[in-house]
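Position 92 of the sequence shown, counted from 1, bears residue number 92 in the numbering used here, the numbering being contiguous throughout.
No residue lacks a Cβ here, since even glycine has one placed at the ideal position from N, Cα and C.
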Amino acid sequence: MTIIQEKNIADKVRSDFPILNQKIHDKPLIYLDNAATSQKPEAVLKALQQYYEYDNANVHRGAHTLSVRATEGYEAARNKVAKLINAASRQEIIYTRNATEAINIVAYSWGLTNLKAGDEIILTVMEHHSNLVPWRIIAERTGAIIKYVGLTETETFDLEQYKTLLSERTKLVAVVHISNTLGCINPVEEIVTLAHQVGAKVLIDACQSVPHFPINVQQIDCDWLVASGHKMCAPTGIGFLYGKKEILDAMPPFFGGGEMIADVYLDHFTSNELPHKFEAGTPAIGEAIALGAAVDYLMGLGMDNIHAYEEELTAYLFKKLADVPKLRIYGPKPTTEGKGRAALASFNVENIHASDLSTLLDHEGIAIRSGHHCTQPLHRLLEASGSARASLYFYNTREDIDRFIVALQDTIDFFGSMMD
Ligand SMILES: *Cc1c(COP(=O)(O)O)cnc(C)c1O
C-alpha cells in the first residue's frame, strides 16, 4: 500500500462497520471508546452468522461433515492468530474467553506451581486490574512479594527504577505493553532482555497493542502474551494466551474436563497435547472462527498501515487538544508525527467531573469513556478519582476528532457559564 492510500484507510473501511452508520440523540454516532471494545466489520459478523447458519457442530473427534467443518474453521483461526503475532508454532496459541482469563491461567497454573515465599513478582503501577488482581491472589497464596515499577516524570515506564528492582529473587515480570490509561508504549524488548538476565519469566499484556500495530512475539522474546478478541474487531468471549511451547508444556492444566485430556481413568487422567491441554470443555467455536476473520481483516489492511494511520490521528488529536484550556492529559506527549504513544487520550477538565463530561458528550452522539478504566491504583497515584478517555481506531477520522473537540469545548463552556 502507498502512503496516499494509508491516509484514506478510514474512508475505505468506514462502510464495513454497519454500527457506525446510526444516530444517537439525533446526531451521527462518533465512537471513541475503542480502548474498551472495538466495533466489528461485516466480514466478522458474516463469519459468525455463516458458522451458526451452516457449520455449527462440536469440534474435534466428530466424523460427520459439520463437525469436520467446525473443527477446520476453529483450527484455521488458530493459525491466523499465530501468524498475526509471529508465534513459532500454532500449538503456542491457547484460546481463552479474554485476556483476563489468559492471565489467570498463567497465574494459577504457572504461578501456584513455581512461586514460593520470598520470590518476587514485578508489576507496574499502570497495570490493568486484570494484570494486578490475579497476582495479588497468587502472592497471598504462595508468600511471593510484589514490587511495582513506577512512572517517570513524563508518565512513562521507569526503566531505571525497573533495573534496580530486578534481582535473583525476581521470578516473574508481568507488564502492560501499552497502557490503556496513559497511552505510553512500554519498551517490552528491553524489559524482557533484562528479566531473562536474572532468570525471570515475562508476561506481556498486549490488549492495547495487538489491535493497533505489528507484534512479533519471537522478536520480543516474551514467555507469554495475552490479548482479547473484542478489542481487535472480533466478538466478545474469545481471546488468546500465547506461551512458549516448552513453558506451556511444563505447566499443569488449569481447567479440567473434556477436550483437555488424553485418557481418563477413575483414579487418574493424562493431559492432552498443546494447545488442547488448556482448552477444557466446548470452546467458543463461532467466536474463534470470527476471530480468524478479524485477523484476516486486519492483516488485509496491514498492521503497518493501521499503525501509520493511527499515528496521524494521534498527532491530530493532540494538536487539537492542546487548544482546549484547563485540560490535564495523562501520559507522555506524542511527537508532532504522532509517535511515542497510543491513539488515546485520558484527561480531566478542571472542576468538571469526568462522568458529567461523558454524559453531555453522549447527547452530541459522541461515545467516550469515563471512570477508572480498571486502573484504580494508577488513578490514585495521579490523584484523580477517574478520568475521561477518548480512544481511536483505524475507522475514526479527523472529522470525528473535530466534532469531539467542538463538543468538548462547548461542554466546558457550558459548565463555565453555570459557575459564573
Ligand atoms: C481491556 C484490557 C484488559 C482486559 O481485557 P478483558 O477483555 O476485559 O479481559 C487488560 N489489560 C488491558 C491493558 C486492557 O486494555
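When the Cα atoms are used, what is the spatial distance from residue i to residue j?
| i | j | result |
| --- | --- | --- |
| S109 | T270 | 16 Å |
| N58 | S67 | 6 Å |
| P377 | A342 | 21 Å |
| F213 | I85 | 10 Å |
| E246 | T152 | 35 Å |
| V106 | Y309 | 34 Å |
| T142 | L115 | 6 Å |
| G258 | A284 | 14 Å |
| P41 | H64 | 31 Å |
| A99 | K277 | 18 Å |
| F149 | S370 | It should be noted that the sequence gives Val, not Phe, for residue 149. For V149 and S370, the distance between alpha carbons rounds to 25 Å. |
| Y52 | L45 | 11 Å |
| T335 | E312 | 11 Å |
| L361 | A35 | 17 Å |
| V217 | H60 | 28 Å |
| Y95 | F240 | 4 Å |
| V324 | A390 | 14 Å |
| M418 | F347 | 21 Å |
| I306 | V13 | 11 Å |
| D55 | D221 | 37 Å |
| I103 | V173 | 12 Å |
| I9 | Y395 | 7 Å |
| A206 | L301 | 20 Å |
| F404 | S89 | 43 Å |
| I178 | L392 | 14 Å |
| G365 | P18 | 16 Å |
| L344 | G183 | 6 Å |
| H230 | T375 | 19 Å |
| A280 | F157 | 36 Å |
| I451 | C233 | With the chain covering only 1 through 420, there is no way to say anything about residue 451. |
| E189 | V210 | 15 Å |
| A322 | A77 | 42 Å |
| K171 | G199 | 7 Å |
| N180 | Q49 | 31 Å |
| A445 | F414 | With the chain covering 1 to 420 only, the question about residue 445 has no answer from this structure. |
Can you tell me whether DSSP reads residue i as helix, strand or coil?
| i | result |
| --- | --- |
| K245 | helix |
| Y393 | coil |
| V176 | strand |
| F213 | coil |
| P28 | strand |
| S355 | helix |
| V324 | coil |
| K23 | strand |
| Y330 | coil |
| F157 | strand |
| S167 | coil |
| I3 | Unreliable placement is indicated for I3, whose pLDDT of 46 sits below 50; the coordinate value is still reported in the next sentence. I3 falls in the helix class under three-state DSSP. |
| A87 | coil |
| D61 | For clarity, residue 61 is Arg in the given sequence; the question names Asp instead. Coil at R61, not helix or strand. |
| G73 | helix |
| Q39 | coil |
| M299 | helix |
| N8 | coil |
| Q218 | helix |
| D426 | Here the chain comprises residues numbered 1 to 420, so residue 426 is not present and cannot be evaluated. |
| L274 | coil |
| D119 | coil |
| G292 | helix |
| M418 | helix |
| F255 | coil |
Since residue i sits in a beta bridge, which residues does DSSP pair it with?
| i | result |
| --- | --- |
| A507 | Any answer about residue 507 is impossible in this case: the structure gives the chain only from 1 up to 420. |
| D362 | None; D362 has no bridge partner. |
| S387 | G371 |
| V149 | T124 |
| L132 | None, per the DSSP bridge assignment. |
| C184 | R341 |
| V202 | V173 |
| S346 | R389 |
| V264 | F269 |
| T96 | G239 |
| D33 | S391 |
Say yes only if the C-beta of residue i is nearer than 8 Å to one or more non-hydrogen atoms of ligand 3, and no if none qualify.
| i | result |
| --- | --- |
| N98 | Ligands displayed in this structure: ligand 1; ligand 3 is not among them. |
Is the segment 291 to 302 in contact with the segment 311 to 329, if contact means three or more CB pairs nearer than 8 Å?
no
Tell me whether the segment 391 to 410 and the segment 353 to 363 touch, counting them as touching only if at least three CB pairs, one residue from each stretch, are closer than 8 Å.
yes
Does the contact criterion of 3 or more C-beta pairs under 8 Å hold for the segment 385 to 398 versus the segment 133 to 142?
no
Are the segment 116 to 126 and the segment 152 to 171 touching by the rule of at least three beta carbon pairs closer than 8 Å?
yes
With contact counted as at least three CB pairs below 8 Å, one residue from each stretch, are the segment 188 to 207 and the segment 226 to 237 in contact?
yes
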